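Working notes, structure below.
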Amino acid sequence: MGNLKEKERYKLYKDGKHWVTTMIAGAMLISGLGLISQHNIVSADDLASGGQVSFAGKDGTVSFSDGSNEPVMNIRMGSQATFCINPFVIVHSGALATQVGQNDARAALWSRMTSYQRGLVNNVAWVGQSQGAANDPATYYATQVAMWSLLAGQNGIPGMVDGNSKIDSSQLTNVLDGRTVTGQNYTGAGDVASKAAQILDNAASLSQSPTFNPAPLNIVAGKSGVIDTTNGVDLSKFQRITSDKAGVTASANGTQLVVNTDQSAQAGNATLTLNTGRNTNGVNYIYGTVNPDDSIGQTLDGSGDPSRMKANVSVNIVKANLKIDKNVLQDNGQVNKHLTNGNYSLAGNVFEVHKDTAGGPVVKELTTDANGNAETGSVMDYGHYVITEKQASQGLANTFTPIAVDLNADGQNVQTVTATNKEVTGGITIQKTGAETGTQMWNDNYSLAGNIFKIHKDSINGEVVDTVTTNDKGQAQTKTDLPLGHYVVEEVQASKGFLKTFKPQDVDITYQGQNVPIVISATGGTNQEVKGQIIVDKSGAQSGKNMINGNYTLAGNEFDIFDEQNNLVDHVTTDASGKAYSKTDLKLGKYTVVETKASQGFVKSATPQKVDLSYVGQEVPVVFDTAYETNQEVKGGITIQKTGAETGTKQWNDNYSLAGNVFKIHKDSINGEVVDEVTTDANGYAKTREDLPLGHYVVEEVQASKGFVKTFKPQDVDITYQGQNVPIVLSLTGGTNQEVKGKTVIDKSGSESKKTPWNSNYSLAGNVFDIHQDNALGKVVAQITTDANGHAETDANLPLGDYYVTESKASQGYVNSFTPQKVTLKYAGQEVALVADMAAGTNQEVTGSTSVIKQDKQTGDNSQGRATLSGAEYTLYHADGTPVKWSENGQPTPEITSGKQVSRDQVTLRIDDDLHEAGVKHL
1 MGNLKEKERY KLYKDGKHWV TTMIAGAMLI SGLGLISQHN IVSADDLASG
51 GQVSFAGKDG TVSFSDGSNE PVMNIRMGSQ ATFCINPFVI VHSGALATQV
101 GQNDARAALW SRMTSYQRGL VNNVAWVGQS QGAANDPATY YATQVAMWSL
151 LAGQNGIPGM VDGNSKIDSS QLTNVLDGRT VTGQNYTGAG DVASKAAQIL
201 DNAASLSQSP TFNPAPLNIV AGKSGVIDTT NGVDLSKFQR ITSDKAGVTA
251 SANGTQLVVN TDQSAQAGNA TLTLNTGRNT NGVNYIYGTV NPDDSIGQTL
301 DGSGDPSRMK ANVSVNIVKA NLKIDKNVLQ DNGQVNKHLT NGNYSLAGNV
351 FEVHKDTAGG PVVKELTTDA NGNAETGSVM DYGHYVITEK QASQGLANTF
401 TPIAVDLNAD GQNVQTVTAT NKEVTGGITI QKTGAETGTQ MWNDNYSLAG
451 NIFKIHKDSI NGEVVDTVTT NDKGQAQTKT DLPLGHYVVE EVQASKGFLK
501 TFKPQDVDIT YQGQNVPIVI SATGGTNQEV KGQIIVDKSG AQSGKNMING
551 NYTLAGNEFD IFDEQNNLVD HVTTDASGKA YSKTDLKLGK YTVVETKASQ
601 GFVKSATPQK VDLSYVGQEV PVVFDTAYET NQEVKGGITI QKTGAETGTK
651 QWNDNYSLAG NVFKIHKDSI NGEVVDEVTT DANGYAKTRE DLPLGHYVVE
701 EVQASKGFVK TFKPQDVDIT YQGQNVPIVL SLTGGTNQEV KGKTVIDKSG
751 SESKKTPWNS NYSLAGNVFD IHQDNALGKV VAQITTDANG HAETDANLPL
801 GDYYVTESKA SQGYVNSFTP QKVTLKYAGQ EVALVADMAA GTNQEVTGST
851 SVIKQDKQTG DNSQGRATLS GAEYTLYHAD GTPVKWSENG QPTPEITSGK
901 QVSRDQVTLR IDDDLHEAGV KHL
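Numbering (UniProt numbering), first residue to last: 1 to 923.
Here it is as structure tokens:
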């Protein structure tokens, strides 16, 4: 390896070419056929394993143009020549003294080489070895010089760098200054240089990689193909061609590569590797270290070169590629990839590829991607296949019809089949029920039919995609072509009898699998039944809501409420306003309101009222109907019974009458409003009108009836409520009127003496009179006697009427000459309780006998009318001396006797002994 000085120079030189001394070995792929490197060379692909080296002696020295020289060692690894690609590196302090250090230095050196340099190094070593470097020193020297020149360059000429593929031997000649190479009896420097140039040229030539067209070669399995080189590289140097895929082989034919494939070859890339045959025993390279004292510090390490000349070419084995293009069959018949929404997908559709028939073996299962595409890849053998759908993708129905397809090797290698599926759609069924009735309606006022719903897409504010109406079972179904997705069912109109209380329902029409082409999602809800309340509004028939007085009230009127089946459903009682409210949960329908009890002051006269609780719309939860009831106010009348205080109802005579008594009816008090005026009938009854309100009244007599005094005291009368069944209350009052009575007054006078009797033989007192009822022969109802004044009167208790006064006894000195007199006790008005009538009469004073008797003196016979007594004439004189005058019928004028007949016949007046002359005189 030379002395220390030489080593130092070389070291310095190598330091100047630091990229040489620091390169390491590393893995490198050979640029292959179809995988051509940038420099079109063949290079080593791996770092050789190490081994022990030995020195066969110093073969010579190479002198360089800068005056330096480098020993050329004859180095062996085993029996093979080994070339130094790196003169010993001086390692101080044993930095690379370890085996690990050696390996690392070697690896570093190799990795710093370019692929081009590695390839040339390999080829230089191989060419030198093949030309006998192991035995021929000149070849050995030339190979070593070529190696150094390749890597380091000399005399300012750079070593082989990227981009050079051919060595310029003239420059190499200049490298060897003096053209002198010494050692082992070989001094032909020019030969060394020339040989080194030749070795380099050969190495570069070997490093040239072929280029191919086509690259890669696409070839149908079972077919053969040819790949041509485009740069004229003779492929025959590649003595061994291998393939990494079964069923693919190749052979070299000059500048062509013939490729053969079997039908069984799997589709895809196959790499054909073209190998030279010289890499079985690789050429060795050495690495070494020296100590600072120039001694060898480490056993030299040698590595065998595993590199081989190879090139790679890619062959694409082509089989049939079956593609499936999945689309959607739209309702309008169009086929496209439009999906309605995110509930549908073209991805995930699974197809099975059957050999020969739909029931044949499945040779491939394909699943579509998001675009609806799936393909087998170029792996299908040619032949007849049937495609069936195993699983439709999300949202789509399994509506794919099996498709037969022929994959023909003579046709296109890609066969596309269009598959279509229909989107699964759905519908929504709605079940509406009553909140209380369910599906069994209470009556015909309720119906499940006619409930209207809107179907919104996505949300309550979304697009309305359908409007449906329930049938009589409360069911409604939308159209069945609604896309999968979320919907909201909104009630827009409740059916008859129901409130709009159906809450919006969220409904999802979700995919139920490929075998359910139409998904029906069900939802339901309830509507609250509309109920009703009956209001009874009671008024008075006349008074309305304004009660006549406190004897009437609208409160307390009771009613029964019956439904159409005559079931009692409620009982209500009116309040002070006359209103009564039923419960509010009455079913819609017809009802009858029947009065069971009238309120105070009213007759139970309310007519049963028909009430209809009718549906008035979905927004009215409780409907009302009012039964307007009127009750006839209980009214009254007053019956007045007038009787005689003494006679009762049996009047004494016609001078009395119960008829005609007039009464005024005052409200509340004697000073109150006169509400009626009545007159009694013949029975003493008077009856007011019968519409007097209940209450307090005062009956005042304003006119007594005939024969009666106005003595009827004001009567307080209450017309009081007697119950609902007494429409007219008749209150009875009565009273008596004192009968007007009378008395008969007799005023007796003397005919001549008047009120002054002539003497004590005359007296006005003691005259007795009988009072006869009706006529002179009637019943004597009284007997009275005159007093000294000639006055006599009956008691004041004679009924009115006609009376006759007869004299039953004349008073002393008077003749019973009182002519019977008719006295009438007449009604003088209600204020005159006692009436009187006077019988005024005179009695003839007795002046003699009260009769003139003619008597037969001898016989004593005094029978009137006898002839023997007839013929006497008498002249009678009044006391005043005037003769008594006689009327034409023979009566004295004035009458002088009472009850005796005195004729004008002449009579003889005989004076008895006991008859005073004075009496005769004054007869």
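C-beta atoms are modelled at their ideal positions from N, C-alpha and C, and glycine is treated no differently.
These numbers come from a predicted model, not from an experiment.
Here's the rule I'm using: 16 or more other beta-carbon atoms within 10 Å means buried, otherwise exposed. How should M1 be labelled? Any answer about M1 is weak, because its pLDDT of 30 lies below 50 and its placement is not dependable; what the coordinates show is given next. Around the Cβ of M1, a 10 Å sphere holds 16 or more other Cβ atoms; the residue is buried.
What I want to know is whether the C-beta of D654 ends up closer than 6 Å to one or more non-hydrogen atoms of the ligand NAP. Here there are no bound small molecules, and the ligand NAP is not part of this structure.
Residue nearest to N321 in terms of C-alpha spacing, selected from V233, T433, D406: Nearest in C-alpha terms to N321, of all of V233, T433, D406, is D406.
What does DSSP give as the partner residues of A782 in its beta bridges? According to DSSP, A782 bridges with I771.
With the cut-off set at 7 Å, would you say V145 and A203 are in Cβ contact? The beta carbons of V145 and A203 sit no closer together than 7 Å.
Thinking C-beta only, is E690 closer than 7 Å to G637? A contact, by the Cβ cut-off of 7 Å.
What is the DSSP secondary structure of V124, reduced to helix, strand or coil? In the structure shown, the three-state DSSP call for V124 is helix.
Name the two residues that bound the continuous beta strand (DSSP E) containing M838. From DSSP, the beta strand (DSSP E) with M838 extends over 834-843.
Could you check how far apart the C-beta atoms of V780 and D770 are, in whole angstroms? I think they sit under 8 Å. With 8 Å as the limit, V780 and D770 qualify as a contact, their Cβ atoms being about 5 Å apart.
Would you mind giving the Cβ-Cβ distance between F602 and Q533, rounded to the nearest angstrom? I have them listed as a contact below 8 Å. Actually they do not touch by this definition, with Cβ atoms about 24 Å apart.
Would you mind working out which of A142, A782, D802 sits nearest Y827, comparing C-alpha positions? If we check each option's Cα against that of Y827, D802 comes out closest.
What are the residues that DSSP puts in a beta bridge with K457? In the DSSP assignment, the residues bridged to K457 are Y487.
C-beta contact flag for V507 and I428 at 7 Å: Taking 7 Å as the cut-off, the Cβ atoms of V507 and I428 count as close.
Figure out for me which residue from Q391, H791, A197 has the closest Cα to the Cα of K755. Nearest C-alpha to K755: H791.
May I ask you to verify whether the stretch 388-402 touches the stretch 436-449, counting CB pairs closer than 8 Å and requiring at least 3? With fewer than three CB-CB distances shorter than 8 Å, the stretch 388-402 does not count as touching the stretch 436-449.
Here's the rule: buried if 16 or more other CB atoms are within 10 angstroms of the residue's CB, otherwise exposed. What is H456? Buried, since its Cβ has 16 or more Cβ neighbours within 10 Å.
Am I right that L588 and N451 are in contact with their C-beta atoms under 8 Å? What's the rounded C-beta distance? That belief does not hold up - the Cβ atoms of L588 and N451 are roughly 16 Å apart, past 8 Å.
First and last residue of the beta strand (DSSP E) that includes R689? No beta strand (DSSP E) holds R689; DSSP gives it neither H nor E.
Spell out the partners DSSP gives P820 in its beta bridges. P820 pairs with nothing; no bridge assigned.
Excluding the five sequence neighbours on either side, which residues of its own chain have a C-beta within less than 7 Å of the C-beta of A81, listed in chain order? Hits under 7 Å: Q129, A133, A134, Y140.
Assign L777 to one of two classes, buried (16 or more other C-beta atoms within 10 Å of its C-beta) or exposed (fewer than that). L777 is exposed by the Cβ-count criterion.
Nearest residue (CA-CA) to S808, options F818, L800, P799: If we check each option's Cα against that of S808, F818 comes out closest.
DSSP state of L235 mapped onto helix, strand, coil: Helix.
In three-state terms, what does DSSP make of Q440? Correct three-state label for Q440: coil.
Reduced DSSP category for T897 - H, G, I as helix; E, B as strand; rest coil: Since pLDDT at T897 reaches only 42, below the 50 mark, its modelled position is unreliable, and no value is offered.
Can you look up V620 in the DSSP assignment and give me helix, strand or coil? Coil, per DSSP.
May I ask which residues mark the beginning and end of the beta strand (DSSP E) holding V328? Counted as a single uninterrupted DSSP element, the beta strand (DSSP E) harbouring V328 occupies residues 320-329.
May I ask you to report which of helix, strand or coil DSSP gives N202? DSSP places N202 in the helix class (H, G or I) of the three-state scheme.
Beta strand (DSSP E) segment containing Q256, residue limits: That run of the beta strand (DSSP E) goes 256-261.
Can you give me the Cβ contacts of T388 inside the same chain, cut-off strictly under 8 Å, excluding the 5 residues immediately before and after it? Around T388: F351, E352, H354, A358, F400, P402.
Using DSSP with H/G/I as helix, E/B as strand and the rest coil, what is Y382? Three-state result, Y382: coil.
Return the first residue and the last residue of the beta strand (DSSP E) that residue 926 is part of. Since the first and last residues shown for the chain are 1 and 923, residue 926 lies out of range.
For Y814 versus N843, is the C-beta spacing smaller than 7 Å? Contact flag set, yes.
By Cβ distance, which residues of its chain are closer than 7 Å to S669, with the 5 residues on each side in sequence left out? If we look at S669 and ignore the five residues flanking it on each side, its Cβ neighbours are V698.
Could you compute how far the alpha carbon of residue 984 sits from the alpha carbon of D325? Because the chain here runs from 1 to 923, residue 984 falls outside it and cannot be looked at.
Here's the rule: buried if 16 or more other CB atoms are within 10 angstroms of the residue's CB, otherwise exposed. What is E831? The residue is exposed, with fewer than 16 neighbouring Cβ atoms inside 10 Å.
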